[in-house]
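**Student:** Heads up, the working numbering is the position in the sequence shown plus 196, with the first residue counted as 1. The beta carbon of each residue, even a glycine, is placed where N, CA and C say it ideally should be. Just so it is clear, the structure is predicted and the values come from calculations on it, not from any experiment.
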Amino acid sequence: MKYLLLAFFLLAACTGSDAKQEPAAPVHKAKLQLVTDKFLSLVNMAVPGDGSGRLFFCQKEGKVWIVQQNKTLPTPFLDVSHDMVSINPGYDERGLLGMAFHPEFRSNHKFYVYYSAPTVKNGFNHTSRLVEFTTAAGNPNIADPASRRILLEVDEPESNHNGGQLQFGPDGYLYIGLGDGGGGGDKHGTTGNGQDLHTLLGKILRINVDGTPYTVPPDNPFVNHPDVRPEIWAYGLRNPWRFSFDRKSKLLFAGDVGQDKYEEVDIIIKGGNYGWRILEGYHDYNVPPGADKSQFIKPIHEYDHDLGISITGGYVYRGAAIPSLQGLYVFGDYNGKTFVLESKGNQWERAPLQLSGLPNGNMQLLSWGEDEQGELYALTSTSGNDGFHGAVYKLVKE
Numbered sequence: 197m198k199y200l201l202l203a204f205f206l207l208a209a210c211t212g213s214d215a216k217q218e219p220a221a222p223v224h225k226a227k228l229q230l231v232t233d234k235f236l237s238l239v240n241m242a243v244p245g246d247g248s249g250r251l252f253f254c255q256k257e258g259k260v261w262i263v264q265q266n267k268t269l270p271t272p273f274l275d276v277s278h279d280m281v282s283i284n285p286g287y288d289e290r291g292l293l294g295m296a297f298h299p300e301f302r303s304n305h306k307f308y309v310y311y312s313a314p315t316v317k318n319g320f321n322h323t324s325r326l327v328e329f330t331t332a333a334g335n336p337n338i339a340d341p342a343s344r345r346i347l348l349e350v351d352e353p354e355s356n357h358n359g360g361q362l363q364f365g366p367d368g369y370l371y372i373g374l375g376d377g378g379g380g381g382d383k384h385g386t387t388g389n390g391q392d393l394h395t396l397l398g399k400i401l402r403i404n405v406d407g408t409p410y411t412v413p414p415d416n417p418f419v420n421h422p423d424v425r426p427e428i429w430a431y432g433l434r435n436p437w438r439f440s441f442d443r444k445s446k447l448l449f450a451g452d453v454g455q456d457k458y459e460e461v462d463i464i465i466k467g468g469n470y471g472w473r474i475l476e477g478y479h480d481y482n483v484p485p486g487a488d489k490s491q492f493i494k495p496i497h498e499y500d501h502d503l504g505i506s507i508t509g510g511y512v513y514r515g516a517a518i519p520s521l522q523g524l525y526v527f528g529d530y531n532g533k534t535f536v537l538e539s540k541g542n543q544w545e546r547a548p549l550q551l552s553g554l555p556n557g558n559m560q561l562l563s564w565g566e567d568e569q570g571e572l573y574a575l576t577s578t579s580g581n582d583g584f585h586g587a588v589y590k591l592v593k594e
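Quick look at the structure:
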């Protein structure tokens with residue numbers, strides 16, 4: 197009995213008013229409102245910026261679908277499946293991975309997609325292809341297949357780590373995310389692709405699409421550097437699956453998928469080196485003798501694999517529906533967990549984002565989307581006893 201009493205008094209002493217306690221992280225809340233549940237593998241969302249309110253969704257198998265006024269149009273906007281590698285819809289990092297509309301889409305009707313095409317070269321798994329299309333004359337809900345124009349092709353040694361995000365920046369240029377070429381540990385080449393400025397793999401690129409087939413902006417960081425690809429905007433990335441520009445600050449936020457232990461969020465700057473494969477997050481991964489780690493730009497946030505398994509990136513919320521999220525970076529992980537980051541001086545603090553209206557089963561968070569009003573969407577897949585289901589949800593106020 198005396199030991200029980202001693203334990204009681206020790207517990208009371210530790211939890212008394214004089215004990216220093218860490219403040220609990222605030223819990224932010226939002227509700228999921230179903231947009232569509234007709235497709236399994238929607239991995240990217242884009243909006244044309246033409247005031248139509250249309251939402252365009254890339255299905256990994258090669259089709260783009262339109263949702264307008266909460267109705268899914270019956271005919272796909274675009275189908276490039278015939279031009280792609282055959283993929284496993286259950287799990288495959290290849291496919292139709294990204295889409296973006298030209299800033300002047302209202303007048304020129306141009307848009308861009310990124311997908312995995314068969315390769316003709318030995319030793320490669322596939323080719324990542326950037327292609328321009330225009331809409332069909334007289335029908336804005338159908339793409340014109342005859343308008344197809346290939347801008348860029350990058351040979352991929354493995355099937356995974358393909359990146360695929362396309363985003364036009366505030367400067368009007370197209371930013372493109374490419375992974376390190378896949379496999380594990382960035383083992384291609386002597387230093388890995390992430391640190392190799394001779395290759396486009398493991399990079400974020402910046403190009404001017406208004407060229408033949410494109411031009412490189414003259415203020416790109418490696419223009420006129422011998423033996424360096426001038427399209428490179430930033431490097432040292434493993435697989436920047438999703439990135440986005442904050443509408444207000446114009447900062448470029450990227451979720452870079454980790455290797456075995458750490459996931460990270462980066463703010464991408466001109467010419468920045470983000471450390472992979474030498475670093476994973478803040479930590480040493482494969483450090484060669486004499487490496488100068490002081491040159492690397494550290495993530496603004498990392499989390500380990502006790503919390504997640506694969507970061508999906510996200511957006512700084514600038515909508516009006518959920519005032520409590522205003523100015524916060526909303527992001528999540530493939531395992532379905534969602535969070536926010538808030539800037540506190542020179543640090544970024546993570547807090548949970550608690551979602552209601554979750555589907556039954558185990559939800560995987562595949563991607564995010566942002567509409568013309570700045571409202572956010574979660575692109576998901578759910579596994580349960582009755583198989584896999586896909587759904588898109590809009591984040592609304594709880």
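1. Report the rounded CA-to-CA distance for Phe535 versus Ala547, giving the unit in angstroms.
2. I need the DSSP call for Asp191, collapsed to helix, strand or coil.
3. Relative to the alpha-carbon of Gly454, which residue among Pro495, Pro426 and Ala430 has its alpha-carbon at the smallest distance?
4. List the whole-angstrom C-beta distance separating His384 from Asp423, where the pair is believed to meet the contact cut-off of C-beta under 8 Å.
5. How close, in whole Å, do the beta carbons of Ser577 and Leu562 come, if the pair is a contact with beta carbons under 8 Å?
6. Under a Cβ-count criterion, where at least 16 other Cβ atoms within 10 Å of its own Cβ denotes burial, should Ser520 be classed as buried or exposed?
7. Since Gly398 contacts Tyr369 with CB under 8 Å, what's their CB separation in whole angstroms?
8. Where Asp376 and Lys466 are concerned, what is the direct C-alpha to C-alpha distance, given to the nearest angstrom?
9. Is it buried or exposed for Asp582, if we count other Cβ within 10 angstroms and need 16 for buried?
10. State the Cα-Cα distance for the pair Lys457 and Ser539, rounded to the nearest angstrom.
11. Among Val231, Pro484 and Ala339, which one has its Cα closest to the Cα of Lys267?
12. For Gln543, which of helix, strand or coil comes out of DSSP?
13. By how many angstroms is the C-alpha of His278 removed from the C-alpha of Arg325?
14. Mind checking Pro314: buried by the 16 CB within 10 Å criterion, or exposed?
15. Keeping to the same chain, check which residues put their C-beta closer than 7 Å to that of Asn356; ignore five residues upstream and five downstream.
16. Taking 9 Å as the threshold (beta carbon to beta carbon), is Tyr478 in contact with chain C?
17. Identify which residue in Pro484, Gln391 and Gly528 has its Cα closest to the Cα of Arg438.
18. What is the DSSP secondary structure of Lys494, counted as helix, strand or coil?
19. Measuring alpha carbon to alpha carbon, tell me which residue in Gly565, Leu503 and Ala587 is nearest Pro555.
20. Could you tell me the alpha carbon to alpha carbon distance between Val341 and Thr271, rounded to whole angstroms?
21. Just verifying my parser: in three-state terms, what is the DSSP assignment at Phe320?
22. So the candidates are Lys317, Pro426 and Gly365; which of them puts its Cα closest to the Cα of Asp415?
23. Does Arg438 come out as helix, strand or coil in the three-state DSSP assignment?
24. Would you kindly work out how many angstroms separate the C-alpha atoms of Val512 and Asp351, rounded to a whole number?
25. In angstroms with no decimal places, state the Cα-to-Cα distance between Met241 and Asp275.
26. With DSSP collapsed to three states, give me the class of Ser277.
27. From the DSSP secondary-structure annotation, give me the bridge partner or partners of Leu397.
28. Using the Cα positions of Tyr410 and Ile403, report the straight-line distance between them to the nearest angstrom.
29. Considering only DSSP beta bridges, list what Phe329 is partnered with.
30. Keeping to the same chain, check which residues put their C-beta closer than 7 Å to that of Pro285; ignore five residues upstream and five downstream.
31. With the cut-off set at 9 Å, would you say Tyr530 and Gly381 are in Cβ contact?
32. Would you mind working out which of Cys254, Gln391, Leu537 and Val263 sits nearest Gly471, comparing C-alpha positions?
33. Compute the Euclidean distance between the alpha carbons of Leu591 and Gly359, then round it to the nearest angstrom.
**Tutor:** Taking the definition as stated:
1. 6 Å
2. Coverage of the chain is limited to positions 197 through 594, which leaves residue 191 absent and any answer about it impossible.
3. Pro495
4. The Cβ separation is near 18 Å, so there is no contact.
5. 6 Å
6. Its Cβ having fewer than 16 others within 10 Å, Ser520 is exposed.
7. Between Tyr369 and Gly398 the Cβ distance is about 20 Å, and since that is not below 8 Å, they are no contact.
8. 19 Å
9. The C-beta of Asp582 has fewer than 16 other C-beta atoms within 10 Å across all chains shown, which makes the residue exposed.
10. 24 Å
11. Val231
12. strand
13. 13 Å
14. exposed
15. Glu289 and Gly378
16. The structure shown contains no chain C; it is built from a single protein chain.
17. Gly528
18. coil
19. Ala587
20. Per the sequence shown, the amino acid found at residue 341 is Pro instead of Val. Computed Cα separation, rounded: 14 Å.
21. coil
22. Taking only the C-alpha atoms, the option nearest Asp415 is Pro426.
23. strand
24. 32 Å
25. 15 Å
26. helix
27. Partner(s): none; Leu397 has no beta bridge.
28. 7 Å
29. Phe307
30. Leu236, Ser237, Lys256 and Glu257
31. no
32. Gln391
33. 25 Å
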